[in-house]
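Step one of this worksheet: look at the structure below.
Residue numbers (this note's numbering): 170 to 466.
Right, here's the structure in full:
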């Protein structure tokens, strides 16, 4: 469907799903209007993974494709044995059974991809108005709140798994490659921000026995806050501003939290990358704030 998108550009980094903190710091916004074709279609399993079909989805399908290749080799061996052995009926039945298993694997993989696409559509639904338009930022401030509730509920239900994160990343990369869907790109970045905030907020390190660790608590306040509120929180919380947490203390607890993520999550997973990039985004924002408060360019 054709969608008119109004968005605020903040020059997001091409390497990160999170906006450039300097954009919001200096409030250098520009309004633009684009035509957005919002079609979140699942990629087929037999896709050649061309430039238009991103490598993220190829990675999601890799196990099924590898299983298929192995089964082809097995079937070839069965054919050779069948030609060399008069009892070919048993081999034919085995070949049929193996191919049936492969068909089921392919079907299940396609189901997972379609399910991830449906979940993403459901997450984005609150920011779509009655006319099918998606203004960004939303004209109705309640839209983001509803989208956040949708993400929270689906995360509790276990729907925001690696398949979902792969779909978001695939759509995000496609939007960046196309270059004509800045509104969709901004929405997908926001989805990843909200996801990271929800997951990181589930575990607290601010209490050690009965002692409150102020630096850990400060980081958790930032993690739970909307990205647009980070500037004020940092200014009011750091010693270089009006607070009592030194920049060194903040950077130390960020490093500790990243190390915990690397230990608790699967190496190379989308979840690991998204959570660590979210924390690095906070670190980068703090560095920007410190430079401004010190009067550095």
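Glycine is no exception: its CB is placed at the ideal position from the N, C-alpha and C atoms.
Residues of the same chain with a CB within less than 8 Å of the CB of residue 441, apart from the 5 flanking positions on each side, are 430, 431, 434, 435 in chain order.
By the Cβ neighbour-count rule, residue 338 is buried, with 16 or more other Cβ atoms within 10 Å of its own.
Taken atom to atom, the span from the alpha-carbon of residue 449 to that of residue 381 is near 24 Å. Contact check between the region 415-423 and the region 444-464: three or more CB pairs, one atom from each, fall below 8 Å, which counts as touching. Contact between the region 316-326 and the region 338-351 is absent: fewer than three C-beta pairs spanning the two stretches fall below 8 Å. Look at residue 381 here: in three-state DSSP terms it is strand. Apart from sequence neighbours up to five positions away, the residues of its chain that approach residue 439 with a beta-carbon distance below 7 Å are 331, 334, 335, 338, ordered along the chain. In chain order, 414, 418, 422 place their CB closer than 6 Å to the CB of residue 384, counting only its own chain and leaving out the 5 sequence neighbours on each side. Residue 392 and residue 366 do touch by the CB rule: their CB atoms are close to 6 Å apart, below 8 Å. For the pair of segments examined, the region 302-312 was found not to touch the region 282-292: the number of CB pairs separated by less than 8 Å stays below three. Less than 7 Å divides the Cβ of residue 409 from the Cβ of residue 462.
Of the candidates 406, 407, 296, the residue whose Cα lies closest to the Cα of residue 314 is 296. Here residue 414 carries a strand assignment [DSSP, helix/strand/coil]. Closest by C-alpha distance to residue 453, out of 400, 412, 406, is 400.
Between the alpha carbons of residue 373 and residue 299 lies a gap of roughly 40 Å. Between residue 416 and residue 458, the C-beta spacing is not below 7 Å. Comparing C-alpha distances from residue 396 to each of 321, 285, 360 shows the shortest one belongs to 360. The C-alpha of residue 443 is placed about 29 Å away from the C-alpha of residue 412. Under the DSSP assignment, residue 321 falls in the alpha helix (DSSP H) whose first and last residues are 311-325.
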